[in-house]
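S.K.: Pasting a structure here, questions to come.
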Amino acid sequence: MELESQLVPESRAESIVRTCRTVVGDDLRSVTYFTHDRCEQIYLRSDLEADADLTGFVEHETDGFQARTAYRGSELGNYRYTVRAFEHGYLTRVTVASNGVFVTTDGLTLRRSEELASALSELLRVE
631 MELESQLVPE
641 SRAESIVRTC
651 RTVVGDDLRS
661 VTYFTHDRCE
671 QIYLRSDLEA
681 DADLTGFVEH
691 ETDGFQARTA
701 YRGSELGNYR
711 YTVRAFEHGY
721 LTRVTVASNG
731 VFVTTDGLTL
741 RRSEELASAL
751 SELLRVE
């Protein structure tokens with residue numbers, strides 16, 4: 631996994647971050663854009679340290695690419711997104727065919743996670 635800068639064009643990154651800020655507000659902690667083998671943190675809240683193991687997170691979150699096919703045909707319907715709960719926050723992952731975004735937040739309601747995932751899915755499909 632390779633951590634990069636400028637994996638995603640600046641205007642696209644700004645659009646993704648703006649969407650996340652609109653849905654999540656001040657609870658937004660970070661936004662990371664990723665592909666199968668590369669990633670770029672496109673937002674980190676100013677009160678947080680840039681010391682997270684992003685490549686470790688992304689290596690795990692790329693499982694979302696396989697989830698799209700692994701759950702196909704399930705009586706639950708098509709896979710849409712993943713929310714992970716942690717002691718100090720939440721991670722929401724959305725993937726499409728070859729790229730994805732994971733967003734970390736302080737707090738997250740089910741309704742806001744649905745809004746966030748839906749908005750990000752639309753943005754990622756446009757690429």
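If you want our numbering, it's the 1-based position in the sequence shown plus 630.
Every residue, glycine too, gets a C-beta built ideally from N, C-alpha and C.
Please say whether residue 730 and residue 664 have beta carbons closer to each other than 8 Å?
M.R.: Taking the sequence shown and counting its residues from 1, one reaches residue 664 at position 34. Taking the sequence shown and counting its residues from 1, one reaches residue 730 at position 100. Yes. Within cutoff.
S.K.: So what does DSSP say about residue 710, is it helix, strand or coil?
M.R.: Your numbering for residue 710 matches position 80 in the sequence shown. Correct three-state label for residue 710: coil.
S.K.: In terms of alpha-carbon separation, which member of 637, 652 and 636 lies closest to residue 749?
M.R.: To locate residue 749, count along the sequence shown from 1; it is residue 119. Ranking the options by Cα distance to residue 749, first place goes to 652.
S.K.: Check whether the Cβ atoms of residue 743 and residue 713 lie closer than 8 Å to each other.
M.R.: Position 113 of the sequence shown, counted from the first residue, corresponds to residue 743. Position 83 of the sequence shown, counted from the first residue, corresponds to residue 713. Closer than 8 Å, so yes.
S.K.: Have a look at 697, 707, 673 and 717 and flag the residue whose alpha-carbon is nearest the alpha-carbon of residue 726.
M.R.: For the purposes of this step, residue 726 is taken as residue 96 along the sequence shown, with counting starting at 1. Ranking the options by Cα distance to residue 726, first place goes to 697.
S.K.: Spatial neighbours of residue 709 within its chain, please: CB distance less than 6 Å, with the 5 preceding and 5 following residues excluded, ordered by chain position.
M.R.: For the purposes of this step, residue 709 is taken as the residue at position 79 of the sequence shown. These residues qualify, in order along the chain: 697, 698 and 701.
S.K.: Once you ignore the five residues that flank residue 695 on each side, which residues in its own chain have a CB closer than 6 Å to its CB?
M.R.: Sequence index remark: in the sequence shown, residue 695 carries index 65 (1-based). The residues are 725.
S.K.: Check whether the Cβ atoms of residue 661 and residue 669 sit closer than 8 Å, and answer yes or no.
M.R.: Taking the first residue of the sequence shown as 1, we reach residue 661 at position 31. Taking the first residue of the sequence shown as 1, we reach residue 669 at position 39. Cβ distance not < 8 Å, so residue 661 and residue 669 don't count as in contact.
S.K.: Tell me the start and end of each unbroken beta strand (DSSP E) in the region 663-703 that is at least 3 residues and wholly inside, in chain order.
M.R.: For the region 663-703, whole beta strand (DSSP E) runs of length 3 or above, ordered along the chain, are 668-674.
S.K.: Helix, strand or coil: how does DSSP classify residue 728 here?
M.R.: Position 98 of the sequence shown, counted from the first residue, corresponds to residue 728. In the structure shown, residue 728 sits in coil (DSSP, three-state: anything other than H, G, I, E or B).
S.K.: Helix, strand or coil for residue 740, going by three-state DSSP, please let me know.
M.R.: To locate residue 740, count along the sequence shown from 1; it is residue 110. Helix at residue 740.
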